[in-house]
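**Q**
In the working numbering, the protein residues as written are 25 to 100.
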């Protein structure tokens, strides 16, 4: 799901949980998994339809902060 779509869902209180997990394709990178009410889960993707991946947890957290989130679960 794209960043602007996530912002809208967050503002409407439709986001159930946010998790930062290791990338399935590269264990040295992190990706964001967002679960919405109703049980569907989505990776955070860019406007180019690529999964957003981050080299550090700090970068992933900064991205979530920019999207307006105050908490996320980290799974490693």
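Cβ coordinates follow ideal geometry from the N, Cα and C atoms, glycine included.
(1) Check whether the Cβ atoms of residue 47 and residue 97 sit closer than 8 Å, and answer yes or no.
(2) Name the one or two DSSP bridge partners that residue 46 has.
(3) Mind checking residue 84: buried by the 16 CB within 10 Å criterion, or exposed?
(4) Using DSSP bridges, identify the partner residues of residue 41.
(5) Check for me: the alpha helix (DSSP H) holding residue 85 runs from which residue to which?
**A** Inspection of the coordinates gives the following:
(1) no
(2) 54
(3) buried
(4) 59
(5) 81-90
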